[in-house]
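Numbering (the working numbering), first residue to last: 463 to 683.
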C-alpha cells in the first residue's frame, strides 16, 4: 500500500473526480495512521474536512486560509506534502502543489489523544463552566465519549516545534482494522457559498460540497 505522503505528493484531481478522491484520502487519514508527538502522544484523526483551491484552475474554495492575497498581499509560498499549518480554526495537514498552483489541505475537526506514558486517553470535559482535558482510563470508557471535537484545542498537545532542525512530530503509517465505512457529511462545518471566487464573502447558503468525513468506530488500543 502506498504511504500517505506519497499519495499526497502525487495527488491529482478534477471537478468530476474530486469527491471520490477526497473520500479515498479521508480513509487513509482516519484509519491508516496517526500523528506521533515525541513518542508521548498519539493523535488519531476522527473527523476531517478537505479544503482545495486552484489559484488559476476552475476549482475555487475562497475560504482556504493559505492562498495568494488572503492574509498576505501577494503570493505566498507553497507547503510541501504533510506540512502542519496552524490557524484560527485549528490544524491543517497541507499537501499543496507549486507546479500546478494548487492549495490543498485537510483540517483536523475531531481527534483522539492517546498518552503512551500514562496509558490513557485525554478527553475535553467542561465542569462548572470550566473546561480541561481529563484522563479516561483504557477499558473504562464504555458509554463515554473518547474523542474531542475542539479542533483549536489540539494545540495543547500538538505544540513546541523545535527550531534546531530535528522533527519530533511525525505521521506514522499504520493500517488498522476497519469494520464500518467512513461517513460522508453533507457539508463542512461553518462553510457557506461565497459571493466571490477571489474573496470569501459568505452568503446564507451552505457550501454543499461533500468534503467532510467521519470515522464511526472508536480506536482500539
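Every residue, glycine too, gets a C-beta built ideally from N, C-alpha and C. As the structure is a prediction and not an experimental result, all values here were calculated from the model.
With 16 other Cβ atoms within 10 Å as the buried cut-off, status of residue i
i, result
"residue 670", "exposed"
"residue 623", "exposed"
"residue 661", "exposed"
"residue 500", "exposed"
"residue 627", "exposed"
"residue 549", "exposed"
"residue 552", "buried"
"residue 479", "exposed"
"residue 535", "exposed"
"residue 558", "buried"
Own chain, CB closer than 7 Å to residue i, minus 5 neighbours either side, in chain order
i, result
"residue 510", "488, 491, 492, 568, 569, 570, 571 and 675"
"residue 634", "495, 496 and 498"
"residue 585", "595, 596, 598, 607, 608 and 610"
"residue 582", "597, 598, 599 and 600"
Counterpart residues of residue i in DSSP-defined beta bridges
i, result
"residue 565", "515"
"residue 582", "577 and 599"
"residue 503", "499 and 577"
"residue 668", "654"
"residue 593", "588"
"residue 635", "495"
"residue 646", "675"
"residue 629", "Bridge partners of residue 629: none, in fact."
Three-way DSSP call (helix, strand, coil) for residue i in this model
i, result
"residue 479", "coil"
"residue 463", "Its pLDDT being 49, under 50, residue 463 is placed unreliably by the model, and nothing is read from it."
"residue 616", "helix"
"residue 679", "coil"
"residue 658", "coil"
"residue 484", "helix"
"residue 558", "coil"
"residue 623", "coil"
"residue 489", "helix"
"residue 469", "helix"
"residue 413", "Nothing can be reported for residue 413: it is not among the residues displayed for the chain, which extend from 463 to 683."
"residue 437", "Absent from the structure is residue 437, since the part of the chain shown begins at 463 and ends at 683."
"residue 674", "strand"
Spatial neighbours of residue i in its chain, beta-carbon cut-off 8 Å, leaving aside the 5 residues before and after
i, result
"residue 639", "682"
"residue 654", "664, 665, 666, 667, 668 and 669"
"residue 502", "577, 578 and 579"
Own chain, CB closer than 6 Å to residue i, minus 5 neighbours either side, in chain order
i, result
"residue 507", "491, 492, 570 and 573"
"residue 556", "541, 545, 547 and 567"
"residue 527", "549"
"residue 663", "656 and 657"
"residue 537", "530"
"residue 637", "494"
Distance cut-off 7 Å: residue i Cβ against heavy atoms of the ligand ADP
i, result
"residue 655", "Of the ligands one can find in the structure shown there are none, so the ligand ADP has no counterpart to examine."
Cβ contact check for the region 510 to 527 and the region 553 to 567: 3 or more pairs under 8 Å: yes
Any 3 or more C-beta pairs closer than 8 Å across the region 537 to 546 and the region 463 to 474: yes
Segment contact, 8 Å Cβ cut-off, at least three pairs: the region 613 to 620 with the region 633 to 646: no
Stretch pair the region 647 to 661 + the region 520 to 528: three plus CB contacts closer than 8 Å: yes
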